[in-house]
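Colleague:
In my numbering, the protein residues as written are 19 to 254.
Structure representation (structure tokens):
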């Protein structure tokens with residue numbers, strides 16, 4: 019349902035129902051011809067691109083099938099590994115009143131009146147290690163007007179600490195048995211992408227525990243590495 023807001027310039031406003039948006043907008047169209055308009059941008063050009071997949075225009079849902087013989091493969095191998103660290107945080111804020119002015123109250127134009135501002139007053143955060151809880155950080159909390167600044171400063175310090183742990187503790191050398199070495203030499207396909215192994219085949223291993231995982235192409239091995247970036251999850 020579409021509504022049109024009308025005003026008489028004295029502050030009195032009234033909504034009226036728009037039964038046909040295209041008919042209404044055609045009255046301001048230069049060509050004066052019937053046309054269809056996109057409600058998101060009021061543009062015929064955007065609508066022309068949208069017609070092929072629009073159910074309301076075509077009457078049926080557009081279906082676009084992939085080409086025959088094409089395949090979709092998962093390529094972001096790193097995303098299948100859990101991140102070593104996640105920072106869980108929670109903010110508290112207070113509503114601070116703002117000084118209001120009546121300069122725009124009599125204007126015919128729309129305006130926004132800002133009367134309150136959210137101001138961060140406290141936070142709490144904890145860094146959690148997925149692989150070893152001994153590397154998790156202590157719970158940290160703070161109360162003060164500069165809570166947002168202290169929060170960013172604390173997160174940066176935690177990220178540096180986690181990066182050092184990732185580079186040192188999570189970089190174990192590979193432990194491979196004679197049976198696994200034989201499997202590597204006889205392997206013909208990359209265990210990550212399923213493609214044929216080339217001359218650049220490598221022994222992929224877990225840098226957290228050190229165990230051998232399988233034979234892989236060098237490019238797949240490089241992609242299948244733990245990420246040092248630390249997600250910050252805000253709990254509300």
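Idealized CB from N, CA, C, for every residue including glycine.
Rounding to the nearest angstrom, what Cα-Cα distance links residue 229 and residue 221 in this structure?
Modeller: As a working mapping, residue 229 is identified with position 211 in the chain shown. As a working mapping, residue 221 is identified with position 203 in the chain shown. The straight-line gap from Cα to Cα measures roughly 10 Å.
Colleague: Less than 6 Å between C-beta atoms, sequence neighbours within five positions excluded: which residues of the same chain meet that for residue 113?
Modeller: Here residue 113 refers to the residue found at position 95 when the chain shown is read from its first residue. Same-chain partners within the cutoff: 134.
Colleague: Taking residue 264 as the reference, which of 158, 131, 153, 165 has the closest Cα?
Modeller: Within the shown structure, residues of the chain are numbered from 19 to 254, placing residue 264 beyond reach of any answer.
Colleague: Which residue from 200, 143, 149 puts its Cα closest to that of residue 158?
Modeller: Translated into positions along the chain shown, residue 158 becomes position 140. Of 200, 143, 149, the residue nearest in Cα terms is 143.
Colleague: Since residue 149 and residue 248 are thought to touch, with beta carbons under 8 Å apart, how far apart are those beta carbons, to the nearest angstrom?
Modeller: Position 131 of the chain shown, counting from 1, holds the residue named residue 149. Position 230 of the chain shown, counting from 1, holds the residue named residue 248. Residue 149 to residue 248, Cβ: 14 Å. No contact.
Colleague: May I have a chain-ordered list of the alpha helix (DSSP H) segments no shorter than 4 residues that lie completely inside the segment 161-187?
Modeller: With a minimum length of 4 residues, the continuous alpha helix (DSSP H) runs that stay inside the segment 161-187 are 165-186.
Colleague: Just reading off the beta strand (DSSP E) that residue 141 is part of, what are its end residues?
Modeller: Position 123 of the chain shown holds residue 141. From DSSP, the beta strand (DSSP E) with residue 141 extends over 134-147.
Colleague: Let's see if you can read the secondary structure: which residues bound the beta strand (DSSP E) around residue 105?
Modeller: Taking the first residue of the chain shown as position 1, residue 105 is located at position 87. Element bounds for residue 105: 103-115.
Colleague: Can you tell me whether residue 130 is buried or exposed? The criterion is at least 16 other CB atoms within 10 Å of its CB, across all chains shown.
Modeller: Position 112 of the chain shown holds residue 130. It counts as exposed.
Colleague: Since residue 42 is in the alpha helix (DSSP H), which residue starts that stretch and which ends it?
Modeller: Position 24 of the chain shown, counting from 1, holds the residue named residue 42. Looking at the DSSP string, the run of the alpha helix (DSSP H) that includes residue 42 is 39-44.
Colleague: Report the three-state DSSP secondary structure of residue 209 (helix, strand or coil).
Modeller: Counting from 1 along the chain shown, the entry for residue 209 is found at position 191. Residue 209: coil per DSSP, three-state reduction.
Colleague: What whole-angstrom Cβ distance do residue 141 and residue 109 have, given they're in contact under 8 Å?
Modeller: Taking the first residue of the chain shown as 1, we reach residue 141 at position 123. Taking the first residue of the chain shown as 1, we reach residue 109 at position 91. That pair is a contact at about 5 Å.
Colleague: Could you pull the start and end residues of the alpha helix (DSSP H) that residue 36 belongs to?
Modeller: Within the chain shown, the letter at position 18 stands for residue 36. Residue 36 -> not in any alpha helix (DSSP H); beta strand (DSSP E) instead, spanning 31-36.
Colleague: So residue 215 and residue 205 are supposed to be a Cβ contact under 8 Å. How far apart are they, rounded?
Modeller: Taking the chain shown and counting its residues from 1, the one referred to as residue 215 is at position 197. Taking the chain shown and counting its residues from 1, the one referred to as residue 205 is at position 187. With 8 Å as the limit, residue 215 and residue 205 qualify as a contact, their Cβ atoms being about 6 Å apart.
Colleague: Between residue 146 and residue 106, which are expected to be in contact by the criterion C-beta below 8 Å, what is the C-beta distance as a whole number of angstroms?
Modeller: In the chain shown, residue 146 corresponds to position 128, counting from 1. In the chain shown, residue 106 corresponds to position 88, counting from 1. Contact holds; Cβ gap of about 6 Å.
Colleague: Return the residue from the list 252, 88, 153, 245 that minimises the CA-CA distance to residue 5.
Modeller: Since the first and last residues shown for the chain are 19 and 254, residue 5 lies out of range.
Colleague: Taking residue 131 as part of the alpha helix (DSSP H), name the residues at either end of that continuous run.
Modeller: Residue 131 sits at position 113 when you count from the first residue of the chain shown. Neither: residue 131 is in no alpha helix (DSSP H) and is coded neither H nor E.
Colleague: Beta-carbon within less than 7 Å of residue 118's beta-carbon, same chain only, minus the 5 sequence neighbours each way: which residues are those?
Modeller: What you label residue 118 is simply residue 100 of the chain shown in a count that begins at 1. Around residue 118: 131, 133.
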